[in-house]
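K.L.:
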Amino acid sequence: MFVASASTTVKFHEFPNGNVMHHYQPGNKVEGPIRSISWSRDGNWLSLVPFSGHADVVSVKDQLKLIRTIQDVDEPSCVAFLNSTKKLIALGTKGGQVFIYDIKMKNTTKRFP
Numbered sequence: 002m003f004v005a006s007a008s009t010t011v012k013f014h015e016f017p018n019g020n021v022m023h024h025y026q027p028g029n030k031v032e033g034p035i036r037s038i039s040w041s042r043d044g045n046w047l048s049l050v051p052f053s054g055h056a057d058v059v060s061v062k063d064q065l066k067l068i069r070t071i072q073d074v075d076e077p078s079c080v081a082f083l084n085s086t087k088k089l090i091a092l093g094t095k096g097g098q099v100f101i102y103d104i105k106m107k108n109t110t111k112r113f114p
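Numbering (this note's numbering), first residue to last: 2 to 114.
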């Protein structure tokens, strides 16, 4: 089991001893702190919104690996996995919209407003 902490990178700490097991830096360069992180219900995936750019979904199940970069949603500001499934996430934008994105199908299923 991991605990994640975020600043300009995400650090994955082993629980309960606190040892850092992985680091993840979104994008090619550090532009500022990560805005938002959210764990999937089963604890195998983490979604994150970097300071600028697109949201990422990473797997921490065996090794740290990028599952998807969500390029369909511009200027994300926050992210949350839906409680019922890990294939859907909600992304809020700087413009005030909320998108429901299907990770498996690679598309937006709903948009508010």
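Note that beta-carbon positions come from the ideal geometry of N, C-alpha and C, so glycine has one too.
1. Hey, could you find the ends of the beta strand (DSSP E) N108 is sitting in?
2. Helix, strand or coil for R69, going by three-state DSSP, please let me know.
3. Pull up the DSSP beta-bridge partners for S37, would you.
4. With a cut-off of 8 Å on the beta carbons, I'd call I71 and L92 a contact; round off their distance for me.
5. In angstroms with no decimal places, state the Cα-to-Cα distance between V80 and L49.
6. Of all the options N108, V61, F113 and P17, which has the alpha carbon lying nearest to the alpha carbon of Q98?
7. Inspect the beta-carbon positions of I101 and T109 and report whether they are closer than 8 Å.
8. Between the Cα of M27 and those of I90, H14, L47 and G19, spot the shortest distance and give me the residue it belongs to.
9. Sort K111, T86 and D103 by Cα distance to R42 and report the nearest one.
10. Considering Cα atoms alone, identify which of N45, V11 and W40 is closest to G33.
11. Cutting at 8 Å between CB atoms, please list the residues of its own chain near D103, excluding the five before and the five after it.
P.N.:
Judging by the given coordinates:
1. If you number the sequence shown from 1, residue 108 lands on position 107. That run of the beta strand (DSSP E) goes N108 to F113.
2. Taking the sequence shown and counting its residues from 1, one reaches residue 69 at position 68. It is a strand residue.
3. As a position in the sequence shown, residue 37 is number 36, starting the count at 1. Answer is V50, bridged to S37.
4. Locating residue 71 in the sequence shown gives position 70, where the first residue counts as 1. Locating residue 92 in the sequence shown gives position 91, where the first residue counts as 1. Right, their Cβ atoms sit about 7 Å apart.
5. Taking the sequence shown and counting its residues from 1, one reaches residue 80 at position 79. Taking the sequence shown and counting its residues from 1, one reaches residue 49 at position 48. Using only the alpha carbons, I get a separation of about 7 Å.
6. Translated into positions along the sequence shown, residue 98 becomes position 97. Nearest option by C-alpha distance: F113.
7. Residue mapping note: residue 101 aligns to position 100 of the sequence shown, counting from 1. Residue mapping note: residue 109 aligns to position 108 of the sequence shown, counting from 1. In this structure, T109 lies closer than 8 Å to I101 by Cβ.
8. Position 26 of the sequence shown, counted from the start, is the residue given in the question as residue 27. One point to set straight first is that residue 27 is Pro, not Met, in the sequence displayed. If we check each option's Cα against that of P27, L47 comes out closest.
9. Looking up residue 42 in the sequence shown gives position 41. Looking at the Cα atoms, T86 is the closest of the given residues.
10. Here residue 33 refers to the residue found at position 32 when the sequence shown is read from its first residue. G33 has its Cα closest to that of V11, out of N45, V11 and W40.
11. Taking the sequence shown and counting its residues from 1, one reaches residue 103 at position 102. Answer for D103: K88, L89, T109 and T110, listed in chain order.
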